[in-house]
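Chains as they are written, first to last, in the working numbering: chain A, 1 to 390; chain B, 1001 to 1390; chain C, 2001 to 2390; chain D, 3001 to 3390. Ideal placement from N, C-alpha and C gives every residue a C-beta, glycine not left out.
Number of protein chains: 4
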Amino acid sequence: VKEIRIGLVGYRGIGKVHSLGYRSVRTFFHLDAVPVMKVLCGRDEEALKKAALGYGWESHSVDWREIIRRKDVDLIDICTPPFNHNEIAKEAAKAGKDIICEKPLARSLPEALEMLEAVYEHGVRHMTAFNYRCVPAVRLAKELIDSGEIGEVFQWRAHWLSDLLDPALPLSWFYQKEKSGSGALQDIGSHLVDLAHYLVGPVEEVSAVSQIFIPERLAEKPAGDKKKVDVEDAVQFIARFSNGAMGSFEASRVAGGYRDEFEIQVNGSKGTVRFNSKVLHKLEFYTTEDEKKRRGPHSIFVGNEQHPYGETMCPYGEVIGRNDLFIIQAYELLNALAKGVNPATSFLEGARCQAVLDAVLGSARRHEWSKPEYARIEQIKARGGTARGR
Amino acid sequence: VKEIRIGLVGYRGIGKVHSLGYRSVRTFFHLDAVPVMKVLCGRDEEALKKAALGYGWESHSVDWREIIRRKDVDLIDICTPPFNHNEIAKEAAKAGKDIICEKPLARSLPEALEMLEAVYEHGVRHMTAFNYRCVPAVRLAKELIDSGEIGEVFQWRAHWLSDLLDPALPLSWFYQKEKSGSGALQDIGSHLVDLAHYLVGPVEEVSAVSQIFIPERLAEKPAGDKKKVDVEDAVQFIARFSNGAMGSFEASRVAGGYRDEFEIQVNGSKGTVRFNSKVLHKLEFYTTEDEKKRRGPHSIFVGNEQHPYGETMCPYGEVIGRNDLFIIQAYELLNALAKGVNPATSFLEGARCQAVLDAVLGSARRHEWSKPEYARIEQIKARGGTARGR
Amino acid sequence: VKEIRIGLVGYRGIGKVHSLGYRSVRTFFHLDAVPVMKVLCGRDEEALKKAALGYGWESHSVDWREIIRRKDVDLIDICTPPFNHNEIAKEAAKAGKDIICEKPLARSLPEALEMLEAVYEHGVRHMTAFNYRCVPAVRLAKELIDSGEIGEVFQWRAHWLSDLLDPALPLSWFYQKEKSGSGALQDIGSHLVDLAHYLVGPVEEVSAVSQIFIPERLAEKPAGDKKKVDVEDAVQFIARFSNGAMGSFEASRVAGGYRDEFEIQVNGSKGTVRFNSKVLHKLEFYTTEDEKKRRGPHSIFVGNEQHPYGETMCPYGEVIGRNDLFIIQAYELLNALAKGVNPATSFLEGARCQAVLDAVLGSARRHEWSKPEYARIEQIKARGGTARGR
Amino acid sequence: VKEIRIGLVGYRGIGKVHSLGYRSVRTFFHLDAVPVMKVLCGRDEEALKKAALGYGWESHSVDWREIIRRKDVDLIDICTPPFNHNEIAKEAAKAGKDIICEKPLARSLPEALEMLEAVYEHGVRHMTAFNYRCVPAVRLAKELIDSGEIGEVFQWRAHWLSDLLDPALPLSWFYQKEKSGSGALQDIGSHLVDLAHYLVGPVEEVSAVSQIFIPERLAEKPAGDKKKVDVEDAVQFIARFSNGAMGSFEASRVAGGYRDEFEIQVNGSKGTVRFNSKVLHKLEFYTTEDEKKRRGPHSIFVGNEQHPYGETMCPYGEVIGRNDLFIIQAYELLNALAKGVNPATSFLEGARCQAVLDAVLGSARRHEWSKPEYARIEQIKARGGTARGR
């Protein structure tokens, strides 16, 4: 049986759940290849060693360049903060490794374009880890929209509410433009933009407002020092889509009492779909085809055999959680690699998302409507063809 | 006991529930004056006569000018579509009648300014019927915000989802710019703008997108004919407020499955309030003052003796409905008139709302940020002083 | 036009909203008769006078026997606490007056039987004011069940949660067996039993547990004295229905944070209906007829033209409130009287409910299953025939 | 480092998620011992082999007696249907293996007692897999109740709604008394009884009603044959607890549209806790200590550092899913074994639950109140002492 040997950079938070995905994917899914958890990479060796042991990695390394050089690694998983994505991805591509990279793909569109160039140039396979495309209910929404069940798409609505109000929260890379690209937009808004791409299509133009409400946070070191926050706490923007739909987006870190709760809704000429991230196992669906007396939004438990991943991940509509999404994501990645194709959610999607994020930041800064520069992505794509085999 | 003698123009839909308000207000509230339902006015005499009898009016008339001339009428209630507001209000003011006018106050800011001029010039009292300011939970939200319970206001979020997808709906004045000023914005967006004024404050500038999705509707007569819709089905806009807050608004008539459901949310530095129009008896309130272990949004039944109208309208948290809001509105109006003061929600609020609506329409048309012209309102106010006694 | 002249006994709380019903019914409904609010009756003359004026009654009286004697009164509305129902109803029947009586009809089945005998003997019309039968969503549930949409009825589930935890609440008639018959059961459980009769059918037998948790309350006078509570704070019981269904009921006054919130659910072989009293405008409906991919509970806005009272009371699914139910109830009563028939929810329903309540109390006391004595009601009915015309 | 070598019997459904637990526990938790997934046991070798590979087991075996004999297995995990529990557990105990057994522990109290005797006699450690005790929100409820935050416990309310209406579902062991002990009661009611034990305490007596609604199902083989169902589709019962509280329980497989959704609520003299199994990350908590103006149920995201497992499993209130509960369960089991103590949720809890289940079945059969025979359990416990070291 073919092996896919993995090296993962960044063992905290998101690296932990990526690890969970690799370890547990075959509990739920059949794969034509076996993932091998070769090496976990990070900087704090003590903590890293413990993590590698706990998560089930064969070894650990404090040098990401070293794991890229390793012959026994086929796939590099980038779970670092955004400011490392570009360099690691380019090196990995150069070394001929397949790559999965956490979202947002980069700090800016130019960075993302470089990464895209690299994977095309070196013919490696690539995925952006937009894990919410892995929600069964989101997939069902996609199926319903694509099969015309809500008719022509009229409107998109999306908000992501988060709560980082606590002034005692330290100024991590989250709050520094140099490290993260921007604030709420890159961090959480990126998911919403990607889901809009998935469910509605390309964005024609955006008009945005953004703001910093908590201008200073405590530095991580030296502890106690105050340092300036230079990224937005919240951004709200409106959009026109290429297909004629209109839409609104919001990403906020100052929504007291809401903890990474997002909601997306697509209104069409014949119905509506709505999804809330705190009710992962359900999709709300409205259709004007129901007879009037019984008409009303259906609350669908996504867990029938007709539903995406239905029988596998949430048989009988059992509640799934955020961790489960990383198992599905691992499946999507490894299944594509095992079959020799590129994952559906590639660096292209990461770059397209970044094109919109850059347009949003530009719009907020220049106080006017702004258009995403998708064309630069399509040029690279046209030049590069799809991932070439190795 | 003093009497307040009322003439109401427009007996359908909204005129019906205004009538309910006058008839039932004293069942719940003490007033220092007695409302007398003198005359109901409309065009279709047959239907009007029946309505007058059913609603409890002493008489009826098919000529609104006639009821304004009547000596035995003190207060004119304008429940017609927007295109009549201006003319009726100006005539009523000239005749020295106090006025309550349905929202939106006018089809445009210039019209609203004329109406404002008129009531100031003739020294009559005036109210705009923004009935959602009468929701006990909304009043509680105002109290909590004003007393600093959510800290500094950071963000406003509001959407009103409605469903007029059915292509068989006839092209009423709802869908004609000449009659209504605009579409979803004037009709339902106006409520959201007013609530933003109430809970957050003046809007500095807006950027908007709007669209017509259903371009033709069936004419009312000749029946069967198709006629062009020239007002927006949906509008989404973002805003900066004068106090530094940011916000988003949406008014949609193409949200399949949602029936006049709106939600408003104010995020502050110390907490959040959220209100949904389909749960009129509750306010969601979050405060960072709760100890962490128990912290989470409170779902407050508004019906304690500490709550606005609590013991009167929803003792013990009983469910109130839309009809009840018109009873509270009648109280607010008649109580002010009985006490010889102007209602708190005057034509000023109607005009301020219209200033924002005009800015939104201008922004959508010109594709750029746009500022409400509040200054023109304040000039009239400054010139006119408050309502002069008669 | 025919007049129906009304005398109402008991002007507080429930008497207020019955008054609202008479006053506003013709705002919404066409009637072939005109209700005339003749006289309001109570004991505290000062407060009564004010109430009569506010509610719109022509006169007031402190003697209920006097209003029963009045020639110009056709209908007696009994809104007193339960301990007066029996005497007033029997006198009213003897005087040939039609009667509407608040629920619970009496303190016990024997009392209810006397009342039933009286209305049959004197041939007057009669109604028990189970106002929750007037909820449009409940009517829709009834229609769906009757037309077989949920198949064979398997299970009933009902709970009513209320919060009288506050130890400072005075010991009103609510807490005294002599005045109210029992506690949570008579007060709120009676509604659930009536709705079970309406939606499922007769109860074969019950097994109950009940308890007093707050054994003493402050007497109303002399203030400050503690007095024993002798009625249950909560009761929970299970039941077998005559049609083979099974069910459970709960009525609790010690459910902290819940304010008169009840929920009922009927599970059938092909689907489910569920209703929550805090969401009066909606019915949840599940059917196995939906194709599997879209299957899930529908959340129906009750306000289409196909829905009971849809266009009248909640056009377009507008939120209705508790007050509105009394308008519908007034319509059901007056429409029946105008048409010369007995209201559908007659004293029979009141007595049937009481039969179950007595069985529940007996079961809790004797610690065994107990059967409602419906037979005694049917004997009276058989003997008496329907209400004879006058 | 110490190893805990595991053999698991029963690889379908529940065995899969137990496997997930062992495999992923150290991703989230620190343990002083390393679980080693030695051998997976089942009957269909082809499928078993695939499962063993996918789940990460070192080997597989079609003979459960063989894995019990193995020297390199320390812990037996019983994931078979109930009719095998007794025999396997007794053999495993005799062989000196620690045991975790799926719920319900047995088909009847006598069977459970034998198992309890066995683990005491042979001094092995033992756990019943009541996985809902592992929900962070349920643990928080326990903490709040124990620390007096809701005062004296008055009422328990619990229902579990499931939907096996589809007549095409085959007659598995689920529907056969001989294999499962009973129907909805053993299957899902057992969880509710255990949670009542956890949060309220021992049950004094119960009165129950149960019913078979779908009397025949299709046999698994020969396919197409109809076979009689001899276990209840639904059971509802009321209870008195030893501490004076009262309560109700429901377990239904005929609740169309509900998929393993349960809700539990504890009402106390000072507040309430409520939990819904489809919202695993939240606890609803009401306290009369909040000031009246802000009072209302709190919706607590369980994911603060003060919350049980808060930072580990649901940092920041992230949604957890059913799979995550098995990771927590694996931790509770392995952590106890590593520390040399018995897991908190031992066979005692399994037996106590079974005592109540037997009482419920007896009550339904004999149509009278019935008392759980806890005493027989306590005798064994008294005789046996705690698990003796090996």
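As DSSP reads the structure, residue 2252 of chain C sits in a beta bridge with C:2161 and C:2234. The beta carbon of residue 3260 of chain D falls within 9 Å of a beta carbon belonging to chain A, placing the residue at that interface. The Cβ of residue 1316 of chain B sits closer than 9 Å to at least one Cβ of chain C. Distance from the Cα of residue 372 of chain A is smallest, within the candidate group A:103, A:33, A:177 and A:242, for A:242. Only those residues of the region 2190-2211 of chain C whose C-beta falls short of 9 Å from the nearest C-beta of chain B would be listed, and there are none. Not flagged as an interface residue toward chain D: residue 2107 of chain C, since no C-beta distance is shorter than 9 Å. About 16 Å separates the CB atoms of residue 3266 of chain D and residue 3282 of chain D; that is not less than 8 Å, and the two are not in contact. Listed along chain A are 292 and 293, each with a C-beta nearer than 7 Å to that of residue 2306 of chain C.
Between residue 1311 of chain B and residue 1298 of chain B, the C-beta spacing is not below 9 Å. Pairwise C-beta distances place the region 165-175 of chain A out of contact with the region 334-346 of chain A, as fewer than three of them are shorter than 8 Å. Closer than 9 Å to the CB of residue 287 of chain A there is at least one CB belonging to chain C. With fewer than 16 other Cβ atoms from the protein chains shown falling within 10 Å of its own Cβ, residue 3001 of chain D counts as exposed. At a C-beta separation below 7 Å, residue 1301 of chain B has these neighbours in chain D: 3296. Contact between residue 170 of chain A and residue 214 of chain A is ruled out by a C-beta separation of about 12 Å, above the 8 Å threshold. Under the DSSP assignment, residue 321 of chain A falls outside any alpha helix (DSSP H); it carries neither an H nor an E label.
If you keep only unbroken beta strand (DSSP E) runs of at least 3 residues inside the region 3121-3154 of chain D, you get 3126-3129.
Here residue 1363 of chain B is not near residue 1251 of chain B, since their CB atoms are 9 Å or more apart. With the criterion set as a beta carbon lying under 7 Å from some beta carbon of chain A, the members of the region 3021-3036 of chain D are 3023, 3024, 3026 and 3027, in sequence order. The residue among D:3071, D:3102, D:3146 and D:3094 with its C-alpha nearest the C-alpha of residue 3084 of chain D is D:3102. Rounded to the nearest whole angstrom, the C-alpha separation of residue 3051 of chain D and residue 3070 of chain D is 20 Å.
For residue 2186 of chain C, the three-state secondary structure derived from DSSP is helix. A contact is defined here as three or more CB-CB pairs under 8 Å, and the region 104-120 of chain A meets this definition with respect to the region 343-353 of chain A. Secondary structure of residue 1276 of chain B (DSSP, three-state): strand. For residue 2054 of chain C, the chain B residues whose C-beta falls within less than 7 Å of its own C-beta are 1026 and 1027, listed in chain order.
Between residue 2289 of chain C and residue 2271 of chain C, the gap from beta carbon to beta carbon is short of 9 Å. For residue 1100 of chain B, the uninterrupted beta strand (DSSP E) run begins and ends at 1098-1102, by DSSP.
Rounded to the nearest angstrom, the gap between the Cα atoms of residue 2204 of chain C and residue 2369 of chain C is 10 Å. Straight through space, the alpha carbons of residue 90 of chain A and residue 113 of chain A are spaced by roughly 11 Å. The C-alpha of residue 110 of chain A is placed about 29 Å away from the C-alpha of residue 216 of chain A.
Contacts between residue 1237 of chain B and chain A, judged by CB atoms closer than 7 Å, involve 238 in chain order. A residue is called buried when at least 16 other Cβ atoms come within 10 angstroms of its Cβ; residue 2222 of chain C does not meet this threshold and is exposed. The C-alpha of residue 1209 of chain B is placed about 8 Å away from the C-alpha of residue 1367 of chain B. Taking 8 Å as the upper bound for CB-CB distance, residue 3005 of chain D and residue 3073 of chain D are in contact here, some 5 Å apart.
If the five residues before and after residue 3032 of chain D are omitted, its C-beta is found closer than 6 Å to the C-beta atoms of 3338, all from its own chain and listed in chain order.
At a cut-off of 9 Å, the C-beta of residue 143 of chain A has no neighbouring C-beta in chain B.
Look at residue 1310 of chain B: its C-beta is not under 9 Å from any C-beta on chain A.
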